[in-house]
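For reference, the structure discussed in these notes is given below.
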Amino acid sequence: MSTNKNNSILNTKNESIKIPSYLKKEYDSVNKILNSIDIEVDKIGQNVKNWDINRKQCIKGNAGKKQLTILQKQGQDVYSQLQEKSHITKKLANEMSDQLWKIVEPHVLTSYDRIQSIKRTLTQKLKTLNDRLLTPEQRTFKDQIHAARKQSQSKNNMNHEISRRIKNKMNGLEKR
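Under our numbering, the letters of the sequence shown match residues 47 to 222, in that order.
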């Protein structure tokens, strides 16, 4: 790695990226923030793994509603932390100059993708936990809503198919 008056060189696995000296300070600042976000996301990811282990044990052991509610709250808190990190990453990306973006884009996108991946996983696990906390009446109501949505969707699909056939008949495309 070498440095001259005008440019710093950043060595990466794939290539060396020249960082103009006027961007060096801003790059260092952004990189420091991204590195701290990465460290925090790693910790959050580990917390999600531990939380999931506890969740599975509670579900297998038929834990009480109180324990499941505590787990639900913990999961929601972790999700809020991920939302905050996601917001910070987006804000950082939107506020940086185009030249700096070209340099740090892979790091920003990698960090953001990791956050989104953990959020998707956590959302699914929270959903199953929330379903466990439903009373029988709430579960019945939820099932009715789901059935109504499914019926509405199939009706829309049928209407679409009918209108497609009519249109094709008018254009002489429908096979007999």
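Glycine included, C-beta positions come from ideal geometry on N, C-alpha and C.
| In terms of alpha-carbon separation, which member of His-192, Ala-109, Gln-129, Asp-74 lies closest to Arg-160? | Gln-129
| What are the start and end residues of each continuous alpha helix (DSSP H) run of 4 or more residues lying completely inside the stretch 65-117, in chain order? | 67-106
| Endpoints, alpha helix (DSSP H) assigned at Leu-146 | 144-178
| message | I need the boundaries of the alpha helix (DSSP H) containing Asn-214, first residue and last residue. | response | 182-216
| message | Counting C-beta neighbours from all protein chains within 10 Å, is the total for Tyr-158 16 or more, i.e. buried, or is it exposed? | response | buried
| field | Distance between Lys-89 and Ser-143 (C-alpha atoms, nearest Å) | value | 29 angstroms
| said: Within 8 angstroms, do at least three Cβ pairs link the stretch 168-177 to the stretch 115-122? | reply: yes
| Under 8 angstroms between the Cβ atoms of Val-76 and Leu-155? | no
| query | I think Leu-114 touches Leu-179, with their Cβ atoms under 8 angstroms apart; what is that distance to the nearest whole Å? | reply | 6 angstroms
| Which whole-angstrom value is the C-beta distance of Val-87 and Lys-148, which I expect to be below 8 angstroms? | So it is not a contact: roughly 23 angstroms between Cβ atoms.
| Which residue's Cα is closest to the Cα of Arg-166: Lys-188, Val-94, Ser-67, Asp-74? | Val-94
| said: Only counting the same chain, and skipping five residues up and downstream in sequence, which positions put a Cβ closer than 8 angstroms to that of Gly-218? | reply: none
| message | For a quick check, are the C-beta atoms of Leu-168 and Tyr-73 less than 8 angstroms apart? | response | no
| query | Rounded to a whole number of angstroms, what is the C-alpha to C-alpha distance between Pro-182 and His-192? | reply | 15 angstroms
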